[in-house]
Amino acid sequence: MKILLQSASVAVLVLMAAGCSTQVPQVVQTQNLPSNFTGPVAQGADVWPNAGWWKGFNSDELNTLVAQAQTDNFDLAAATARVLQARASAHIAGSALFPTLSADASATRSRSGEGTVTINPLTGGAPTTSPSTGNQFGVGLQASYELDIWGRAQDDLRAADETLKSSKYARQTVALTTVASVATTYLDVLALRERVSIAQQNIDAAKRILTITQAKVDNGVSSRLDLAQQQALVAGQEAQIPAIQEQEKEALFALAVLLGRMPEGFDVTAQNLDAIKAPLVAPGMPSQLLSRRPDVAEAEAALASGHANVDAARAAFFPQIGLTGSGGYASNMIKGLINPGDLAWSVGASLLQTIFDGGALWGAYDLTKGQQLELIADYRKAVVSAFSDVETSLNQVAHLAQQEDYLTQEVNAASEAFRISEIQYREGVADLLTVLQSQQTLFTAQDTLIQIKLARVQADVGLFKALGGGWSEKDIDATQTIPAQTTAVPAAQVAPAAETNPETPVPATPGPSDVQPGDNPPAGAPTKTH
Numbered sequence: 007m008k009i010l011l012q013s014a015s016v017a018v019l020v021l022m023a024a025g026c027s028t029q030v031p032q033v034v035q036t037q038n039l040p041s042n043f044t045g046p047v048a049q050g051a052d053v054w055p056n057a058g059w060w061k062g063f064n065s066d067e068l069n070t071l072v073a074q075a076q077t078d079n080f081d082l083a084a085a086t087a088r089v090l091q092a093r094a095s096a097h098i099a100g101s102a103l104f105p106t107l108s109a110d111a112s113a114t115r116s117r118s119g120e121g122t123v124t125i126n127p128l129t130g131g132a133p134t135t136s137p138s139t140g141n142q143f144g145v146g147l148q149a150s151y152e153l154d155i156w157g158r159a160q161d162d163l164r165a166a167d168e169t170l171k172s173s174k175y176a177r178q179t180v181a182l183t184t185v186a187s188v189a190t191t192y193l194d195v196l197a198l199r200e201r202v203s204i205a206q207q208n209i210d211a212a213k214r215i216l217t218i219t220q221a222k223v224d225n226g227v228s229s230r231l232d233l234a235q236q237q238a239l240v241a242g243q244e245a246q247i248p249a250i251q252e253q254e255k256e257a258l259f260a261l262a263v264l265l266g267r268m269p270e271g272f273d274v275t276a277q278n279l280d281a282i283k284a285p286l287v288a289p290g291m292p293s294q295l296l297s298r299r300p301d302v303a304e305a306e307a308a309l310a311s312g313h314a315n316v317d318a319a320r321a322a323f324f325p326q327i328g329l330t331g332s333g334g335y336a337s338n339m340i341k342g343l344i345n346p347g348d349l350a351w352s353v354g355a356s357l358l359q360t361i362f363d364g365g366a367l368w369g370a371y372d373l374t375k376g377q378q379l380e381l382i383a384d385y386r387k388a389v390v391s392a393f394s395d396v397e398t399s400l401n402q403v404a405h406l407a408q409q410e411d412y413l414t415q416e417v418n419a420a421s422e423a424f425r426i427s428e429i430q431y432r433e434g435v436a437d438l439l440t441v442l443q444s445q446q447t448l449f450t451a452q453d454t455l456i457q458i459k460l461a462r463v464q465a466d467v468g469l470f471k472a473l474g475g476g477w478s479e480k481d482i483d484a485t486q487t488i489p490a491q492t493t494a495v496p497a498a499q500v501a502p503a504a505e506t507n508p509e510t511p512v513p514a515t516p517g518p519s520d521v522q523p524g525d526n527p528p529a530g531a532p533t534k535t536h
């Protein structure tokens with residue numbers, strides 16, 4: 007008997023251990039992370055953005071627009087609603103850990119058509135019948151509770167909680183994207199307005215040359231060919247303005263949508279990029295980036311939720327044990343309803359074990375494992391994309407700054423060349439072709455310079471976004487162990503992701519190369535059928 011009890015105890019412990027929650031697969035390995043960022047970093051720049059990074063662009067109007075977008079943007083409102091939905095789902099999942107109690111009360115009045123037979127003792131005669139009526143009152147209480155021995159309800163709650171975290175991080179991603187979009191669109195409006203201004207200045211200069219040419223034609227110094235060429239140049243330059251103005255209106259309308267406003271009547275006051283001063287920012291250690299990107303944290307939480315679903319699907323193989331109880335009173339009179347003699351109660355327990363379900367449990371288990379593999383790939387992609395975004399932004403900022411310097415020099419030289427050619431043409435030293443070429447060179451350089459200025463400032467915005475915009479994940483919410491620092495490892499020495507690394511925890515569950523649909527279920531599970 008003692009041996010039988012010991013064997014039974016061991017079996018129960020094995021089953022309970024198999025049903026316990028397991029650790030989320032650790033995807034991040036030190037040898038898979040870069041030792042440092044290779045893109046150019048500005049000297050003396052602050053490391054990592056602060057939460058109000060857009061205020062460093064020296065634009066009060068931009069600050070006002072961002073504040074409005076943070077309260078009225080439609081995408082942000084939808085993301086907030088999704089957080090509320092996820093929180094409600096977590097509450098629903100958590101309710102399975104508590105018993106269900108319900109109370110009922112009833113009052114019934116009934117009538118029997120058969121009635122009762124009566125005989126008048128004084129007059130005698132034939133017996134008569136009369137209908138019978140009566141009342142029935144009752145109150146009761148029912149309770150039921152499913153024991154979470156295998157942790158299935160806990161796993162479902164954990165999955166819901168991680169989904170809630172993922173939705174919160176997704177909202178942070180939307181918020182960061184919204185702020186960056188407001189900034190880039192606002193800058194786009196200003197750059198387009200400045201391009202219109204440059205084009206108008208170029209037209210004014212062309213009209214000055216046209217006036218000189220007209221005077222020379224009238225005096226017989228120049229031919230009408232020169233006049234026609236200059237007239238064509240003026241018309242061609244004027245034709246470019248409506249297209250740029252249309253782009254400016256479209257950008258302005260897009261900005262209004264980002265702010266949750268109607269485009270009619272919406273406008274901004276700034277006319278150029280002169281007041282915009284892009285602040286400097288630099289990344290820290292590459293490993294720190296993973297806790298500063300809300301989209302990476304979103305993928306991390308989604309993976310943790312998917313792994314909790316795997317644990318829940320594993321626990322579904324084991325028996326379900328439920329407890330039930332009920333009690334109440336029933337009486338013909340309401341004043342005597344709560345009477346100990348009318349009390350009735352019952353308690354019970356149930357055990358349900360699936361023996362054959364046509365492979366439904368196996369299918370659900372394989373489904374969750376396949377979903378986990380997908381989420382592992384999504385998380386890895388989010389990590390790689392985060393590093394790529396930072397490297398791209400660092401290079402864009404540095405290279406566009408260099409290009410802006412060179413174009414500034416070109417504009418200065420072209421402006422001087424046009425000034426000299428205009429004077430020489432007025433004095434008859436230079437011909438019209440020289441003036442046209444110098445003017446076209448100047449206009450092209452000025453227009454290109456504005457576009458490069460815009461691209462550089464927008465690259466600064468992109469860098470702040472790539473660095474997480476000042477957001478940071480709390481250590482208590484992280485499910486992936488991020489190495490404190492990274493060390494350079496030659497490519498030939500990088501170990502496969504499935505190998506263990508002394509600086510990171512060994513995954514308690516199979517990694518992506520090990521977990522495949524169709525693997526064996528936990529010990530004690532039903533045999534798979536097809």
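Quick note, the sequence shown lines up with residues 7 to 536 if you use our numbering.
Just so you know, even glycine gets a beta-carbon here, dropped at the ideal spot from N, CA and C.
Please read these numbers as outputs of a predicted model, since none were measured by experiment.
Residue 153 versus residue 187 - alpha carbon distance: 50 Å
Residue 284 versus residue 376: straight-line alpha-carbon distance, rounded: Between residue 284 and residue 376, the C-alpha separation is close to 45 Å.
Any 3 or more C-beta pairs closer than 8 Å across the segment 382 to 400 and the segment 38 to 45: yes
Same chain, Cβ closer than 6 Å to residue 467, neighbours up to 5 away in sequence not counted: Taken in chain order, the residues that qualify are 186, 189 and 190.
Residues that DSSP places opposite residue 152 in a beta bridge: 328
Whole-angstrom C-beta distance between residue 470 and residue 59, which should lie under 8 Å: 5 Å
Cross-strand partners of residue 82 (DSSP beta bridge): Partner(s): none; residue 82 has no beta bridge.
Neighbour-count burial assignment, residue 514, 16 or more Cβ in a 10 Å radius: Low per-residue confidence applies at residue 514: pLDDT is 36, beneath 50, and the placement is therefore not dependable enough to give any value.
Residue from 333, 411 and 200 with nearest C-alpha to residue 276: 200
Beta-carbon proximity check, residue 81 vs residue 180, cutoff 9 Å: yes
Cross-strand partners of residue 115 (DSSP beta bridge): DSSP output for residue 115 lists 141 as bridge partner(s).
Segments of 4+ residues assigned as alpha helix (DSSP H) that fall wholly inside the segment 253 to 284: none
Residues of its chain near residue 108, where Cβ-Cβ distance is below 7 Å and the 5 sequence neighbours each way are ignored: 148
Residue span of the beta strand (DSSP E) that contains residue 353, given as start and end: 349 to 358
Residue 370 versus 361, 158 and 319, residue with shortest Cα-Cα distance: 319
Local conformation of residue 106 per DSSP, three classes: strand
Cβ-based burial, residue 184 [other Cβ within 10 Å; buried from 16]: buried
Rounded C-alpha distance that separates residue 434 from residue 244: Distance between the alpha carbons of residue 434 and residue 244: 27 Å.
Enclosing alpha helix (DSSP H) for residue 35 [first to last residue]: Counting along the chain, residue 35 falls outside any alpha helix (DSSP H), and DSSP gives it neither H nor E.
Contact check, residue 196 vs residue 279, beta carbons under 9 Å: yes
Residue of 158, 198, 265 and 228 minimising C-alpha distance to residue 4: Nothing can be reported for residue 4: it is not among the residues displayed for the chain, which extend from 7 to 536.
Cβ pair residue 297, residue 484 closer than 9 Å: yes
Bounding residues of the alpha helix (DSSP H) (the contiguous stretch that carries residue 206): 158 to 224
Beta carbon of residue 64 nearer than 9 Å to that of residue 265: no
Straight-line gap, residue 392 to residue 33 (C-alpha atoms, nearest Å): Approximately 15 Å, taken between the alpha carbons.
Rounded separation between residue 336 and residue 100 - CA only: 35 Å
Nearest to residue 51 (by Cα), restricted to the options 289, 395 and 87: Ranking 289, 395 and 87 by Cα distance to residue 51 puts 289 first.
Coarse secondary structure for residue 52, derived from DSSP in three states: strand
Beta-carbon proximity check, residue 175 vs residue 301, cutoff 9 Å: yes
Residue 242, DSSP secondary structure in three states: helix
Short Cβ contact (9 Å threshold) for residue 198 with residue 251: yes
Nearest-angstrom Cα separation, counted from residue 242 out to residue 403: 34 Å
Straight-line Cα distance separating residue 437 from residue 299: Rounded to the nearest angstrom, the two C-alpha atoms are 60 Å apart.
Residue 96 burial status per 10 Å Cβ neighbour count (16 or more: buried): buried
Beta-carbon spacing of residue 358, residue 378 below 9 Å: no
Contact between the segment 439 to 454 and the segment 254 to 264 (3+ Cβ pairs under 8 Å): By the criterion of at least three beta-carbon pairs nearer than 8 Å, the segment 439 to 454 is not in contact with the segment 254 to 264.
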